[in-house]
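These protein sequence lines map, in sequence, to chains A and B.
Residues 1 to 292, numbered by our numbering, are exactly what the first sequence covers, in order.
Residues 1 to 271, numbered by our numbering, are exactly what the second sequence covers, in order.
All residues carry an ideal CB built from backbone N, CA and C; glycine is no exception.
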Amino acid sequence: MSPDIMPEAQLAPAMTEPGNKTDRAHSRARAVRRRRIVVAVSRVLLLVAVLGLWELLSRAEVIDPFNFSMPSKIWDQIWTWVTHGTALGSLGEQIWYTLYEALLGWVVGVVAGVVFGIALGRITLLADVLGPYIKVLNSIPRIVLAPIFVIWFGLGPASKVASAVVLVFFPVFFNAFQGAREVDRNLVANARILGASDRRVTLQVVIPSATSWIFTSLHVSFGFALIGAIVGEYIGATKGIGLLVAQSQGTFNAAGVYAAMVILAVVALLAEGLLTFAERRIFRWKPASSDS
Amino acid sequence: MSADTSPAIELRGASKTFRTPSGGLHTAVRGLDLTVGRGEFVAVVGPTGCGKSTTLTLVSGLEEPSEGEVLVVGEPVRGVGEKVGFVFQQDATFPWRTVLANVMAGPRFRGVPKAEAKRNAREWLARVGLAAFEDRYPHQLSGGQRKRVALAATFVNDPEILLMDEPFSALDVQTRALMSDELLELWEGTGASVVFVTHDLEESIALADKVVVMTAGPATVKQIFDIDLPRPRKVESVRLEPRFIEIYREIWESLGEEVRITRERGAAHVA
Numbered sequence: 001m002s003p004d005i006m007p008e009a010q011l012a013p014a015m016t017e018p019g020n021k022t023d024r025a026h027s028r029a030r031a032v033r034r035r036r037i038v039v040a041v042s043r044v045l046l047l048v049a050v051l052g053l054w055e056l057l058s059r060a061e062v063i064d065p066f067n068f069s070m071p072s073k074i075w076d077q078i079w080t081w082v083t084h085g086t087a088l089g090s091l092g093e094q095i096w097y098t099l100y101e102a103l104l105g106w107v108v109g110v111v112a113g114v115v116f117g118i119a120l121g122r123i124t125l126l127a128d129v130l131g132p133y134i135k136v137l138n139s140i141p142r143i144v145l146a147p148i149f150v151i152w153f154g155l156g157p158a159s160k161v162a163s164a165v166v167l168v169f170f171p172v173f174f175n176a177f178q179g180a181r182e183v184d185r186n187l188v189a190n191a192r193i194l195g196a197s198d199r200r201v202t203l204q205v206v207i208p209s210a211t212s213w214i215f216t217s218l219h220v221s222f223g224f225a226l227i228g229a230i231v232g233e234y235i236g237a238t239k240g241i242g243l244l245v246a247q248s249q250g251t252f253n254a255a256g257v258y259a260a261m262v263i264l265a266v267v268a269l270l271a272e273g274l275l276t277f278a279e280r281r282i283f284r285w286k287p288a289s290s291d292s
Numbered sequence: 001m002s003a004d005t006s007p008a009i010e011l012r013g014a015s016k017t018f019r020t021p022s023g024g025l026h027t028a029v030r031g032l033d034l035t036v037g038r039g040e041f042v043a044v045v046g047p048t049g050c051g052k053s054t055t056l057t058l059v060s061g062l063e064e065p066s067e068g069e070v071l072v073v074g075e076p077v078r079g080v081g082e083k084v085g086f087v088f089q090q091d092a093t094f095p096w097r098t099v100l101a102n103v104m105a106g107p108r109f110r111g112v113p114k115a116e117a118k119r120n121a122r123e124w125l126a127r128v129g130l131a132a133f134e135d136r137y138p139h140q141l142s143g144g145q146r147k148r149v150a151l152a153a154t155f156v157n158d159p160e161i162l163l164m165d166e167p168f169s170a171l172d173v174q175t176r177a178l179m180s181d182e183l184l185e186l187w188e189g190t191g192a193s194v195v196f197v198t199h200d201l202e203e204s205i206a207l208a209d210k211v212v213v214m215t216a217g218p219a220t221v222k223q224i225f226d227i228d229l230p231r232p233r234k235v236e237s238v239r240l241e242p243r244f245i246e247i248y249r250e251i252w253e254s255l256g257e258e259v260r261i262t263r264e265r266g267a268a269h270v271a
């Protein structure tokens with residue numbers, strides 16, 4: 001990681017210089033290190049304080065422990081799910097089910113969004129014809145489609161995939177569209193002069209230029225895919241974390257709802273990490289802000 | 001056939017009118033007649049924003065003339081032709097391609113097999129002194145190096161017609177002189193016909209066989225000057241020769257007037 005290297009990089013030129021300058025470089029490096037420790041410790045303390053306060057207030061019954069539960073119970077709930085499985089089967093299976101629906105919906109939504117976005121961005125006629133309809137579709141609060149999808153596609157994964165797709169499609173579409181529209185005209189002109197056909201311009205100039213736009217939307221849209229899958233499961237399903245939430249709610253098990261939320265957060269963070277990793281590999285050509 | 005004897009570029013009464021965003025019409029070029037012979041280096045000078053660049057886009061086929069005719073090697077221009085190379089004012093290297101892949105782009109677009117494209121690209125990179133940089137990305141290069149990549153990427157297609165739109169205007173003065181010398185060296189090996197647009201009179205005299213002075217917009221040819229300085233030239237030293245200064249004075253008399261007109265118009269706009 002570059003932040004770890006930085007103090008040394010600052011140190012190196014100063015080291016060759018005599019006397020007190022080296023001392024100053026040392027103390028500066030120490031200050032940087034100290035600051036990093038302070039940040040890390042404060043973060044942990046903040047978490048401990050919030051969780052501790054919650055636990056304390058709940059045990060002292062200042063807040064209703066039945067409604068608000070408490071961290072220790074939530075942990076117990078997660079532990080029970082991990083060791084003994086949930087009422088629906090093993091926890092891993094529920095996570096996998098939800099993840100599978102979200103991923104499938106995400107991939108389909110992203111592919112459709114990128115293809116339509118680039119196509120409409122490149123072909124003005126298509127954009128002029130379809131533009132108003134896409135605006136209308138976008139203005140529908142798409143989450144209300146989830147119940148319809150359950151009616152159409154049943155309680156299986158298909159209905160969840162469908163709600164994830166409609167949630168993912170629009171942000172990806174609009175970003176891809178914008179990305180295709182904002183391509184540097186010089187680059188397109190240059191490619192045409194160099195002999196590129198329209199197809200090549202699209203594949204080798206427009207799509208690479210639009211990737212940074214598209215990637216921005218990928219981060220957000222994976223969250224949307226999870227929402228789609230969870231809401232779908234919440235409304236009607238046979239497996240999945242959303243169903244776990246619905247069941248916990250049905251039995252007034254607040255700890256269960258929180259526990260499901262924690263699991264979801266972990267899943268979402270892992271997915272985000274993978275995406276960032278992929279982005280770094282793809283955008284090697286970009287000047288990194290920390291790179292010198 | 002006439003194709004063998006016809007000049008490299010011929011504009012006959014070419015005009016170009018654009019629709020402005022506010023709905024009005026803007027005439028960039030009007031009734032332009034210009035002939036560029038084979039292997040000739042022509043510099044086009046004129047006041048800023050007079051429509052010099054439009055002339056190049058007409059020759060390149062990126063834009064069609066509203067009126068008149070544009071011929072390249074005796075044939076009317078229809079769309080972007082194979083014979084044309086274009087070096088742009090702004091950076092037009094593909095930022096997601098390495099230096100080598102950038103130079104390979106042209107041949108690959110034109111269907112040259114990969115191995116051959118790579119060999120040609122390496123050869124041109126060596127000629128512009130960037131052989132050691134082939135794996136870099138454009139953002140890792142200096143402005144001058146990026147321009148060299150653009151030159152290599154253009155020359156690798158072996159263009160008969162080379163169009164250059166203020167290619168060095170974004171570079172610092174020293175790099176600029178260096179690049180001009182390199183351009184002359186590269187060009188002398190190819191026999192291409194060049195149209196070099198600039199607003200820098202010194203640069204145009206140092207490089208060209210013929211300097212075309214354009215009028216304040218809408219652009220049309222005002223006067224053409226032959227530059228009889230001997231080749232090969234070195235940009236830095238040729239500017240100190242008495243003949244150079246003589247030519248400079250002569251052309252400036254013509255160009256200065258147009259610059260003044262443009263400036264007065266600008267002032268009228270502000271007022």
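CA nearest to the CA of residue i, picked from the options
| i | options | result |
| --- | --- | --- |
| B/Ser38 | B/Gly217, B/Glu188, B/Pro230 and B/Glu246 | Checking the sequence, you will find Arg at residue 38 of chain B rather than Ser. With distances taken between Cα atoms, B/Arg38 lies closest to B/Glu188. |
| A/Ala237 | A/Gly109, A/Ala112 and A/Leu155 | A/Leu155 |
| A/Val150 | A/Val114, A/Leu264 and A/Tyr234 | A/Tyr234 |
| A/Leu203 | A/Leu275, A/Ser159 and A/Gly121 | A/Gly121 |
| A/Arg378 | B/Ala177, B/Val112 and B/Thr98 | It is not possible to answer for residue 378 of chain A, since the shown part of chain A is limited to 1 through 292. |
| B/Glu166 | B/Gln223, B/Pro95, B/Arg136 and B/Asp91 | B/Asp91 |
| B/Arg110 | B/Val80, B/Thr20 and B/Asp228 | B/Val80 |
| B/Lys210 | B/Ala216, B/Pro218, B/Gly217 and B/Ser193 | B/Ser193 |
| A/Ala255 | A/Ser209, A/Ala278, A/Gly240 and A/Phe66 | A/Phe66 |
| A/Glu101 | A/Gly250, A/Leu226 and A/Ile263 | A/Leu226 |
| A/Gly228 | A/Arg34, A/Ala146 and A/Lys239 | A/Ala146 |
| B/Thr17 | B/Asp172, B/Glu246, B/Glu63 and B/Gly46 | B/Glu63 |
| B/His139 | B/Asn102, B/Thr154 and B/Asn157 | B/Asn102 |
| B/Ser204 | B/Arg30, B/Val235, B/Val29 and B/Leu178 | B/Val235 |
| A/Ser163 | A/Leu57, A/Val107, A/Gln77 and A/Tyr133 | A/Val107 |
Under 7 Å from the C-beta of residue i: neighbouring residues of chain B
| i | result |
| --- | --- |
| A/Gly236 | Near A/Gly236 there are no residues of chain B at all, since even the closest Cβ is about 45 Å away, more than 7 Å. |
| A/Asn138 | By Cβ distance, chain B contributes nothing, its closest Cβ being about 27 Å from A/Asn138, past 7 Å. |
Own chain, CB closer than 6 Å to residue i, minus 5 neighbours either side, in chain order
| i | result |
| --- | --- |
| A/Met1 | Only weak support is given to the placement of A/Met1: the predicted model assigns it a pLDDT of 40, under 50, and the value that follows is read from those uncertain coordinates. Closer than 6 Å at Cβ, skipping near neighbours: no residue. |
| A/Asn190 | none |
| B/Thr27 | Thr17 and Pro218 |
| A/Gly109 | Val165, Val168 and Phe169 |
For residue j and residue i, the rounded distance between their alpha carbons
| i | j | result |
| --- | --- | --- |
| B/Gln288 | B/Gly143 | The displayed coordinates of chain B run from 1 to 271. Any statement about residue 288 of chain B would go beyond what the structure contains. |
| A/His294 | A/Lys160 | The structure shown has nothing for residue 294 of chain A, since chain A only spans 1 to 292. |
| B/Pro107 | B/Gly49 | 33 Å |
| A/Ile207 | A/Ile63 | 54 Å |
| A/Asp184 | B/Ala14 | 28 Å |
| A/Gly117 | A/Ile123 | 10 Å |
| B/Val221 | B/Val259 | 14 Å |
| A/Phe169 | B/Glu160 | 47 Å |
| B/Ile10 | B/Gln223 | The sequence shown places Glu at residue 10 of chain B, rather than the Ile named in the question. If I take the Cα positions, the gap works out to 16 Å. |
| A/Ser290 | A/Ala29 | Confidence is the limiting factor: at A/Ser290 the pLDDT is only 41, short of 50, which leaves the residue's position unreliable, though a coordinate-based value still follows. Cα-Cα distance, rounded: 18 Å. |
| B/Val73 | B/Ala8 | 5 Å |
| B/Asp181 | A/Val38 | 57 Å |
CB contact below 8 Å: residue i versus chain D
| i | result |
| --- | --- |
| B/Glu82 | Considering every chain present, this structure includes no chain D. Its protein chains are A and B. |
Neighbouring residues, chain A, relative to residue i (Cβ below 7 Å)
| i | result |
| --- | --- |
| B/Pro95 | Trp285 |
| B/Ala28 | Per Cβ cutoff of 7 Å: no residues; B/Ala28 is ~16 Å from chain A at best. |
| B/Ser60 | Ile193 |
Own chain, CB closer than 8 Å to residue i, minus 5 neighbours either side, in chain order
| i | result |
| --- | --- |
| B/Arg78 | Gly61 |
| A/Leu91 | Trp81, Val82, Gly85 and Ile263 |
| B/Val213 | Val45, Gly46, Val221, Lys222, Gln223, Ile224, Phe225, Ile251, Ser254, Leu255 and Glu258 |
| B/Ala131 | Arg122 and Leu125 |
Residue i: contacting residues in chain B (beta-carbon distance under 9 Å)
| i | result |
| --- | --- |
| A/Gly195 | Val80, Glu82, Ala105, Gly106, Pro107, Arg108, Phe109, Arg110, Gly111 and Asn157 |
| A/Arg181 | Ordered by position in chain B, no residue passes the 9 Å Cβ test against A/Arg181, which lies about 16 Å from the chain. |
| A/Pro208 | Phe94, Pro95, Trp96 and Arg97 |
Closer than 9 Å at the beta carbon, the chain A residues around residue i
| i | result |
| --- | --- |
| B/Gly85 | Ile193 and Leu194 |
| B/Leu186 | Within 9 Å Cβ-Cβ: nothing; B/Leu186 doesn't reach chain A, min ~17 Å. |
| B/Ala153 | Asn190 and Leu194 |
| B/Tyr137 | Arg284, Trp285, Lys286 and Pro287 |
Other residues of its chain near residue i: CB distance less than 7 Å, five sequence neighbours each side excluded
| i | result |
| --- | --- |
| A/Gln178 | Trp213 |
| A/Ala180 | Gly117, Ile118, Gly121, Arg122, Val206 and Ala210 |
| B/Ala267 | none |
| B/Ser2 | For B/Ser2, the predicted model reports a pLDDT of 48, less than 50, meaning its position is unreliable and no value from the coordinates is stated. |
| A/Thr16 | Residue confidence is low: A/Thr16 scores 47 on pLDDT, short of 50, so the model does not pin down where it sits. Its coordinate-derived value is still stated next. Within the same chain, A/Thr16 has no close Cβ partners at all. |
Under 8 Å from the C-beta of residue i: neighbouring residues of chain A
| i | result |
| --- | --- |
| B/Phe88 | Asn186, Ala189 and Asn190 |
Partner residues on chain B for residue i, Cβ-Cβ distance less than 8 Å
| i | result |
| --- | --- |
| A/Arg200 | Phe109 |
Minimum length 3: unbroken beta strand (DSSP E) runs contained in the segment 209-253 of chain B: 210-214 and 221-226
Only counting runs of 4 or more residues, tell me where the alpha helix (DSSP H) segments fall wholly within the segment 43-99 of chain A, in order along the chain. Taking only runs of at least 4 residues, the alpha helix (DSSP H) segments lying wholly in the segment 43-99 of chain A are 65-68 and 71-84.
Can you list, in chain order, the stretches of the beta strand (DSSP E) that have 3 or more residues and sit fully within the segment 75-121 of chain B? Fully enclosed beta strand (DSSP E) runs of 3 or longer: 84-87.
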